[in-house]
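Undergrad: Residue numbers (the working numbering), protein chains in the order written: chain X, 346 to 537; chain W, 346 to 537; chain V, 346 to 537; chain L, 346 to 537.
Note that CB positions come from ideal geometry on N, CA and C, so glycine has one too.
Quick one: the structure is below, and I'll ask about it shortly.
There are 4 protein chains.
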Amino acid sequence: MHTKTKKERIMYATLKLITEHGFHATPVSMIASEAGVGAGTIYRYFENKEAIINELYDVILKELHEATMANIPEIISVRDEFFLKWRNILNYFIEREYEGKFVSQYVASPFISRTVIYETERRNVHLRKLIERGIKLNEIRDVDYNTIAVYMWGTLKQLHYLHINKAIEITDELINDIYTVFWEGIRVHHDK
Amino acid sequence: MHTKTKKERIMYATLKLITEHGFHATPVSMIASEAGVGAGTIYRYFENKEAIINELYDVILKELHEATMANIPEIISVRDEFFLKWRNILNYFIEREYEGKFVSQYVASPFISRTVIYETERRNVHLRKLIERGIKLNEIRDVDYNTIAVYMWGTLKQLHYLHINKAIEITDELINDIYTVFWEGIRVHHDK
Amino acid sequence: MHTKTKKERIMYATLKLITEHGFHATPVSMIASEAGVGAGTIYRYFENKEAIINELYDVILKELHEATMANIPEIISVRDEFFLKWRNILNYFIEREYEGKFVSQYVASPFISRTVIYETERRNVHLRKLIERGIKLNEIRDVDYNTIAVYMWGTLKQLHYLHINKAIEITDELINDIYTVFWEGIRVHHDK
Amino acid sequence: MHTKTKKERIMYATLKLITEHGFHATPVSMIASEAGVGAGTIYRYFENKEAIINELYDVILKELHEATMANIPEIISVRDEFFLKWRNILNYFIEREYEGKFVSQYVASPFISRTVIYETERRNVHLRKLIERGIKLNEIRDVDYNTIAVYMWGTLKQLHYLHINKAIEITDELINDIYTVFWEGIRVHHDK
DNA sequence: CATGAATGAGGTTTCATTCAT
DNA sequence: GATGAATGAAACCTCATTCAT
Chain X
346 MHTKTKKERI
356 MYATLKLITE
366 HGFHATPVSM
376 IASEAGVGAG
386 TIYRYFENKE
396 AIINELYDVI
406 LKELHEATMA
416 NIPEIISVRD
426 EFFLKWRNIL
436 NYFIEREYEG
446 KFVSQYVASP
456 FISRTVIYET
466 ERRNVHLRKL
476 IERGIKLNEI
486 RDVDYNTIAV
496 YMWGTLKQLH
506 YLHINKAIEI
516 TDELINDIYT
526 VFWEGIRVHH
536 DK
Chain W
346 MHTKTKKERI
356 MYATLKLITE
366 HGFHATPVSM
376 IASEAGVGAG
386 TIYRYFENKE
396 AIINELYDVI
406 LKELHEATMA
416 NIPEIISVRD
426 EFFLKWRNIL
436 NYFIEREYEG
446 KFVSQYVASP
456 FISRTVIYET
466 ERRNVHLRKL
476 IERGIKLNEI
486 RDVDYNTIAV
496 YMWGTLKQLH
506 YLHINKAIEI
516 TDELINDIYT
526 VFWEGIRVHH
536 DK
Chain V
346 MHTKTKKERI
356 MYATLKLITE
366 HGFHATPVSM
376 IASEAGVGAG
386 TIYRYFENKE
396 AIINELYDVI
406 LKELHEATMA
416 NIPEIISVRD
426 EFFLKWRNIL
436 NYFIEREYEG
446 KFVSQYVASP
456 FISRTVIYET
466 ERRNVHLRKL
476 IERGIKLNEI
486 RDVDYNTIAV
496 YMWGTLKQLH
506 YLHINKAIEI
516 TDELINDIYT
526 VFWEGIRVHH
536 DK
Chain L
346 MHTKTKKERI
356 MYATLKLITE
366 HGFHATPVSM
376 IASEAGVGAG
386 TIYRYFENKE
396 AIINELYDVI
406 LKELHEATMA
416 NIPEIISVRD
426 EFFLKWRNIL
436 NYFIEREYEG
446 KFVSQYVASP
456 FISRTVIYET
466 ERRNVHLRKL
476 IERGIKLNEI
486 RDVDYNTIAV
496 YMWGTLKQLH
506 YLHINKAIEI
516 TDELINDIYT
526 VFWEGIRVHH
536 DK
């Protein structure tokens, strides 16, 4: 922990505490002591309390994007690329408990700005291209991007939601079941 | 507005303001003046500020349940029952702007309790039965309840999320597209 | 209880609750419900909350005075008259738990007025006469009234204080011991 | 005043104001401005308002104990030791107006705890020993500790009570009178 | 650069009192 | 007369932010 920079320690402390208690139930003083810095120090790195979570959101979304794109082979079927990316995101949310919960809370807050939405769009470009490829190759039906995006993100978020509230256990079987239904829903049925 | 009871006015004012500004950015004094009552009056009807939102959540979930079950004919195909209920929920979330946003925020907050999850389960019993019926009639594949529930709620929430953030426009076409993908994903393909 | 008038019920409820919780920890609403009347009703009988305790104090001091003078034979020695009155007061304080505690709190409060002191003086006139009689009869030493009054009231209050705080048990033996010391302290020693 | 620490200033302001107006008639804001600090500062030093008076009571009782034991020669008669200690306490109460009144109010409040009584007992050990010495030396009669303690404290408190309510003037003559009665009451009469 | 004591605005909540019924 | 719902002033307390060290 102490190998991190002060700024990183502040951000991580904020992430942890906000996730556990919520933004307004986490005083700056609590963040300071969790991070092992003076309260005033926080204001050297961030304009105010809100700026911490905004920067946190940026960093986490960047990480999430990297995690999403990781381990995707150059040559891969549309089906598998969908699956791998979908699993990458799910894994990130599940393995990075605080980050996952944080994002869920952040996007549900009334402070979410148009910018955030725009950024998300920008980061989803690769998904848009994947869909186009699938349609061109006649592997998935010619449905609107939004339709598919709703499926991908909707199931991801709901799985995560049930997971963090301990309503389900995420097993490989469940994962495969859900992905199969997803793929069956969008693929072209070549069988005659 | 003034035909409502004081308690209803307080609850509605809270719903509106919290949805717009968030729980902690909505002082009790603001709720009081929006509701047209004295600040102290609120404490005749609710133990404290938090109790308002808990009761709000209860009331809204009851309403949502009623809306879900409305207009479902006695005799109806599994496909159509799924569709009608799914649309009912979506309509409720979209038509009742404040209620919809409120629920989204509430379930994402770190205060969501096990009780909430349990209540949700209880209210989803009808969905469980519908799935059993579909499987027995060989209309949908024999998949786990959770798999289907994740689909239903995941797509609903994501559509709603994109809607309230003005990222998409919800058209009949989109609705049908999405539902078709959902149904194609779970139905049994009788074609040979 | 319900045979009493409303005013008496209000006063008794106040006496009980204030004694147990203190003046400011006893809301008028609590007094109302303990007395079995509406909160507004209290203001028909008393100008405000403070007026209740002032009237209570008056009533209790009147009662205390009557109790002090009770059962004193016409013809009685100075020693016995002292003793009987002293015991009468002690008994009143001990038997009437709420009244005793109330008076203790009231006289220690910063609101005690000169009037209260004056009233006390007035009610102690009989004690002054008793002392004069004792001196004239050469049964007690020629000491100042205040000296003896300090003794009487000081020991009484302290016994009561220790009693209500359960620091001592008031037995006949203790009573006699204390009174003996008192009497030995003021009597004329006729032995040569 | 400004040479004291902030904590001391807060405590002294509380002592003064509470003594004059009573605990509940003294808002924290009033204490803050009397002490010359911000309202929030008080909560850096004390958990809440009540904690101030509890700590005040502790400090004052420690001071009182020290004052009680001051200026007592190593070799001193039982009579004189009683007298000196009794006078020390009386002087403390009279000279330290606020402290004296504060203690009177505090011990009469309904919040006085068993702990307080226990503490008092502990601090009275020296008195217990003095009584034992007096009895062993056959200077005072073999009376119960409580009997004598009731006398000491009862007269002290009553003198103080009359003093702060301006009902008497405390003169050396009165002091001697009262002490003489006390001593006559407990000493062994060696004259035959 | 870093600190954390100090601040005071503003939060939630209580409660004496009023007044329409 | 009696009620108790309603009020809003004022209480206690928290905490984001500043600034002297």
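(1) Going by beta carbon distance, what residues of the same chain come within less than 8 Å of V/LYS349, once the five residues before and after it are set aside?
(2) So the candidates are L/ILE515, L/MET414 and L/TYR443; which of them puts its Cα closest to the Cα of L/LEU429?
(3) What's the call for V/ALA370, buried or exposed, on a 16-neighbour Cβ count within 10 Å?
(4) X/ASP403 versus chain W: which residues are under 9 Å apart at the beta carbon?
(5) Is there a C-beta anywhere in chain V that falls below 8 Å from the one on L/GLY385?
(6) Give the DSSP-derived three-state secondary structure of L/ILE398 in the structure shown.
(7) L/ARG459 to L/ARG468, Cα distance in whole Å?
(8) Please check if any C-beta of chain V sits within less than 8 Å of the C-beta of L/LYS349.
(9) In terms of DSSP beta bridges, what is L/VAL532 paired with?
(10) In its own chain, which residues sit with a C-beta less than 8 Å from the C-beta of X/LEU501, not counting the 5 before and 5 after it?
(11) Given X/ILE476, which residues of its chain have a CB within under 6 Å of its CB, disregarding the five upstream and five downstream residues?
(12) Let me check understanding here. Comparing Cα to Cα, which of V/ALA380, V/HIS535 and V/ILE509 lies closest to L/SER454?
(13) Note down, in chain order, every chain W residue with its Cβ under 9 Å from the Cβ of X/LEU519.
(14) Excluding the 5 residues flanking X/TYR451 on each side, which residues of the same chain have their C-beta closer than 6 Å to its C-beta?
(15) Looking only at its chain, what residues have a beta carbon closer than 6 Å to the beta carbon of W/MET506, apart from the 5 residues adjacent to it on each side?
(16) Keeping to the same chain, check which residues put their C-beta closer than 7 Å to that of W/TYR463; ignore five residues upstream and five downstream.
(17) Can you give me the C-alpha to C-alpha distance between W/TYR524 and W/GLU426, rounded to a whole angstrom?
(18) With L/LYS349 as the anchor, note down where its alpha helix (DSSP H) starts and where it stops.
(19) For W/LYS351, which residues in the same chain have their Cβ closer than 6 Å to its Cβ, ignoring the five residues on either side in sequence?
(20) Under three-state DSSP, which class holds V/TYR357?
(21) Closest Cβ-Cβ distance between L/LYS502 and chain V: below 8 Å?
(22) Check whether the Cβ of V/GLU365 lies closer than 8 Å to any Cβ atom in chain L.
(23) What does X/GLU529 reach in chain W if we use C-beta pairs closer than 7 Å?
(24) Taking C-beta pairs closer than 7 Å, name the residues in chain X that W/ALA453 reaches, listed in chain order.
(25) Residues in the region 423 to 436 of chain X with C-beta within 9 Å of chain W's C-beta atoms, listed in sequence order?
(26) Taking C-beta pairs closer than 7 Å, name the residues in chain W that X/HIS369 reaches, listed in chain order.
(27) Just mark L/ILE579 as buried or exposed, buried being the case when its beta carbon has 16 or more other beta carbons within 10 Å.
(28) So, does the CB of X/ILE439 fall closer than 8 Å to a CB anywhere in chain W?
(29) Check whether chain V comes within 8 Å of L/ILE476, counting only Cβ atoms and requiring the distance to be less than that.
(30) Going along the chain, which residues of its own chain have a beta-carbon closer than 7 Å to the beta-carbon of W/ILE405, five neighbours each way excluded?
(31) Taking Cβ positions only, does V/VAL526 come closer than 8 Å to chain L?
(32) Quick test of the definition: if touching needs 3 or more C-beta pairs under 8 Å, does the region 529 to 536 of chain V touch the region 477 to 487 of chain V?
(33) Check each candidate in X/ASN399, X/HIS410, X/VAL423 and X/GLU518 and name the one with the smallest Cα separation from X/LYS547.
(34) Return the CA-CA distance between W/SER478 and W/LEU472, expressed in angstroms with no decimal places.
(35) In chain X, which residues lie less than 7 Å from W/ASN510 when you measure between Cβ atoms?
TA: Put simply:
(1) Taking the third sequence and counting its residues from 1, the one referred to as residue 349 of chain V is at position 4. Short of 8 Å from the beta carbon of V/LYS349, and not among the five residues preceding or following it, lie these beta carbons of its own chain, in chain order: TYR357.
(2) Translated into positions along the fourth sequence, residue 429 of chain L becomes position 84. Looking from the CA of L/LEU429, the closest CA among L/ILE515, L/MET414 and L/TYR443 belongs to L/MET414.
(3) As a first step, residue 370 of chain V must be located in the third sequence, where it is residue number 25. By the 10 Å Cβ count, V/ALA370 comes out exposed.
(4) Residue mapping note: residue 403 of chain X aligns to position 58 of the first sequence, counting from 1. Neighbours of X/ASP403 on chain W: none; closest Cβ ~17 Å, over 9 Å.
(5) Within the fourth sequence, numbered from 1, the residue matching residue 385 of chain L stands at position 40. It does not; no Cβ of chain V falls within 8 Å.
(6) Counted from its first residue, the fourth sequence places residue 398 of chain L at position 53. L/ILE398 falls in the helix class under three-state DSSP.
(7) As a first step, residue 459 of chain L is located in the fourth sequence; it is residue number 114 there, counting from the start. As a first step, residue 468 of chain L is located in the fourth sequence; it is residue number 123 there, counting from the start. Rounded to the nearest angstrom, the gap between the Cα atoms of L/ARG459 and L/ARG468 is 14 Å.
(8) Working through the fourth sequence from its first residue, we reach residue 349 of chain L at position 4. Answer no: the Cβ-Cβ gap between L/LYS349 and chain V never drops below 8 Å.
(9) Along the fourth sequence, read from residue 1 onward, the residue named residue 532 of chain L stands at position 187. Note that residue 532 of chain L is Arg in the sequence shown here, rather than Val. DSSP, once it has assigned bridges, lists L/ILE485 as partnering L/ARG532.
(10) Position 156 of the first sequence, counted from the first residue, corresponds to residue 501 of chain X. The residues are TRP431, ILE434, LEU435 and PHE438.
(11) As a working mapping, residue 476 of chain X is identified with position 131 in the first sequence. Closer than 6 Å at the Cβ level, and outside the excluded window around X/ILE476, lie TYR490 and ILE493.
(12) Stepping through the fourth sequence from its first residue, residue 454 of chain L is reached at position 109. Selection V/ALA380, V/HIS535 and V/ILE509 evaluated against L/SER454 yields V/ILE509 as nearest (Cα-Cα).
(13) As a working mapping, residue 519 of chain X is identified with position 174 in the first sequence. In chain order: ASP489, ASN491, THR492 and VAL495.
(14) Your numbering for residue 451 of chain X matches position 106 in the first sequence. Spatial neighbours of X/TYR451 in its own chain (CB-CB distance under 6 Å, excluding positions within 5 residues in sequence) are listed in chain order as TYR402.
(15) One-based indexing of the second sequence puts residue 506 of chain W at position 161. Contrary to the premise, residue 506 of chain W reads as Tyr rather than Met in this sequence. Around W/TYR506: no qualifying Cβ.
(16) Along the second sequence, read from residue 1 onward, the residue named residue 463 of chain W stands at position 118. For W/TYR463, where only same-chain residues beyond five positions count, there are no Cβ hits under 7 Å.
(17) Position 179 of the second sequence, counted from the first residue, corresponds to residue 524 of chain W. Position 81 of the second sequence, counted from the first residue, corresponds to residue 426 of chain W. For W/TYR524 and W/GLU426, the distance between alpha carbons rounds to 12 Å.
(18) Start at 1 with the first residue of the fourth sequence, and residue 349 of chain L comes out as number 4. Where L/LYS349 is concerned, there is no enclosing alpha helix (DSSP H), because DSSP gives it neither an H nor an E.
(19) Here residue 351 of chain W corresponds to residue number 6 of the second sequence, with the count starting at 1. Cβ within range, chain order: VAL382.
(20) Translated into the one-based positions of the third sequence, residue 357 of chain V becomes position 12. V/TYR357 falls in the helix class under three-state DSSP.
(21) One-based indexing of the fourth sequence puts residue 502 of chain L at position 157. Contact with chain V is found for L/LYS502, since one of that chain's Cβ atoms lies less than 8 Å from the residue's Cβ.
(22) As a first step, residue 365 of chain V must be located in the third sequence, where it is residue number 20. Interface annotation, V/GLU365: in contact with chain L, CB-CB separation under 8 Å.
(23) One-based indexing of the first sequence puts residue 529 of chain X at position 184. One finds GLU529 and GLY530 in chain W with Cβ atoms closer than 7 Å to the Cβ of X/GLU529, taken in chain order.
(24) Residue mapping note: residue 453 of chain W aligns to position 108 of the second sequence, counting from 1. SER449, GLN450 and ALA453, listed in chain order.
(25) Cβ proximity to chain W below 9 Å picks out nothing from the region 423 to 436 of chain X.
(26) Here residue 369 of chain X refers to the residue found at position 24 when the first sequence is read from its first residue. Correct list: HIS369.
(27) The shown model of chain L, from 346 to 537, leaves out residue 579 of chain L, and the question about it has no answer.
(28) Within the first sequence, residue 439 of chain X is the residue found at index 94, counting from 1. Answer no: the Cβ-Cβ gap between X/ILE439 and chain W never drops below 8 Å.
(29) Translated into the one-based positions of the fourth sequence, residue 476 of chain L becomes position 131. It does not; no Cβ of chain V falls within 8 Å.
(30) On the second sequence, position 60 is the one that residue 405 of chain W refers to. Excluding residues within five positions, the ones whose Cβ falls inside 7 Å are GLU444, PHE447 and VAL448.
(31) Here residue 526 of chain V corresponds to residue number 181 of the third sequence, with the count starting at 1. Yes - at least one Cβ of chain L is within 8 Å of the one on V/VAL526.
(32) Because the criterion of three Cβ pairs below 8 Å is met, the region 529 to 536 of chain V and the region 477 to 487 of chain V touch.
(33) Any answer about residue 547 of chain X is impossible in this case: the structure gives chain X only from 346 up to 537.
(34) Here residue 478 of chain W is taken as the residue at index 133 of the second sequence, counted from 1. Here residue 472 of chain W is taken as the residue at index 127 of the second sequence, counted from 1. A small fix is needed here, since residue 478 of chain W is Arg in this sequence, not Ser. Our two residues, W/ARG478 and W/LEU472, have alpha carbons roughly 10 Å apart in a direct line.
(35) The residue given as residue 510 of chain W occupies position 165 in the second sequence. The answer, in chain order, is ILE457 and ILE462.
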